[in-house]
Amino acid sequence: MEGFSLLHDMVITPSYYVFFKAPLTLQPLSWLLGLTGVASCIKFQDSQPAIAYLIPRSSPSKPMVTIPVDPHFSFHFSNAYDDASTGETVVDIIRVPKLYLTDTNGVTGNPIWKTVNYERDVPKSTLWRYRLNPSLATHTKQELWTTYCDFPSIPISRTGQPYRYT
Numbered sequence: 019m020e021g022f023s024l025l026h027d028m029v030i031t032p033s034y035y036v037f038f039k040a041p042l043t044l045q046p047l048s049w050l051l052g053l054t055g056v057a058s059c060i061k062f063q064d065s066q067p068a069i070a071y072l073i074p075r076s077s078p079s080k081p082m083v084t085i086p087v088d089p090h091f092s093f094h095f096s097n098a099y100d101d102a103s104t105g106e107t108v109v110d111i112i113r114v115p116k117l118y119l120t121d122t123n124g125v126t127g128n129p130i131w132k133t134v135n136y137e138r139d140v141p142k143s144t145l146w147r148y149r150l151n152p153s154l155a156t157h158t159k160q161e162l163w164t165t166y167c168d169f170p171s172i173p174i175s176r177t178g179q180p181y182r183y184t
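The sequence shown maps to residues 19 to 184 in my numbering.
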């Protein structure tokens with residue numbers, strides 16, 4: 019993976035390890051000089067795509083598949099599975115349109131929890147489904163749950179398998 023990555027979570031299917039890399043950069047000078055915390059040095063690049071990485075599990079010689087998707091940040095996944103009928107990898111993910119780690123203007127470097135009005139300033143994280151086509155390196159997406167959510171869970175027996183999300 020090129021560039022700075024903040025990979026917090028991942029999912030597996032029988033065919034792939036799946037990671038989503040948000041469009042972030044690290045500008046560490048102020049942190050290295052002891053002027054701010056490291057979170058103040060992470061910047062979200064909303065003009066750049068996020069990247070879905072599918073790493074083959076059973077055949078290490080097969081190349082990793084990279085699929086550009088819409089800019090977003092995700093901390094947590096719900097599940098992923100291979101859809102044999104379409105050849106797609108289905109990924110259910112909690113995503114937010116933009117990452118905020120410092121004040122929403124990015125000016126003071128204060129931690130977000132000290133200055134932000136969450137209801138007004140921070141977009142909510144919701145559940146989305148990405149259908150990734152590794153053969154064509156394309157995707158589609160659909161919002162599954164419009165209510166704020168995080169920390170999704172499914173029965174462990176369904177990990178990497180199709181499941182009902184409602």
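Heads up, the beta-carbon is just placed ideally off N, CA and C, and yes, glycines get one too.
According to DSSP, residues forming a beta bridge with residue i
i, result
"residue 165", "The partner list for residue 165 (beta bridge, DSSP) is empty, contrary to what the question assumes."
"residue 146", "111 and 161"
"residue 38", "70"
8 Å contact criterion, which residue i and residue j should meet: CB distance rounded
i, j, result
"residue 63", "residue 44", "Contact flag wrong, Cβ pair sits at about 11 Å."
"residue 94", "residue 169", "6 Å"
Closer than 8 Å: residue i CB and nearest the ligand GDP heavy atom
i, result
"residue 57", "This structure simply doesn't include the ligand GDP, nor any ligand for that matter."
Option nearest residue i by Cα separation, candidates the options
i, options, result
"residue 152", "169, 69, 97 and 180", "69"
"residue 136", "86, 106 and 114", "114"
"residue 83", "65, 61, 134 and 39", "39"
"residue 60", "88, 71, 101 and 47", "47"
"residue 109", "164, 51 and 178", "178"
"residue 74", "166, 65, 33 and 181", "33"
"residue 92", "27, 166 and 50", "27"
Buried versus exposed call for residue i [16 or more other C-beta atoms within 10 Å across all chains shown]
i, result
"residue 155", "exposed"
"residue 106", "buried"
"residue 104", "exposed"
Local conformation of residue i per DSSP, three classes
i, result
"residue 104", "coil"
"residue 48", "helix"
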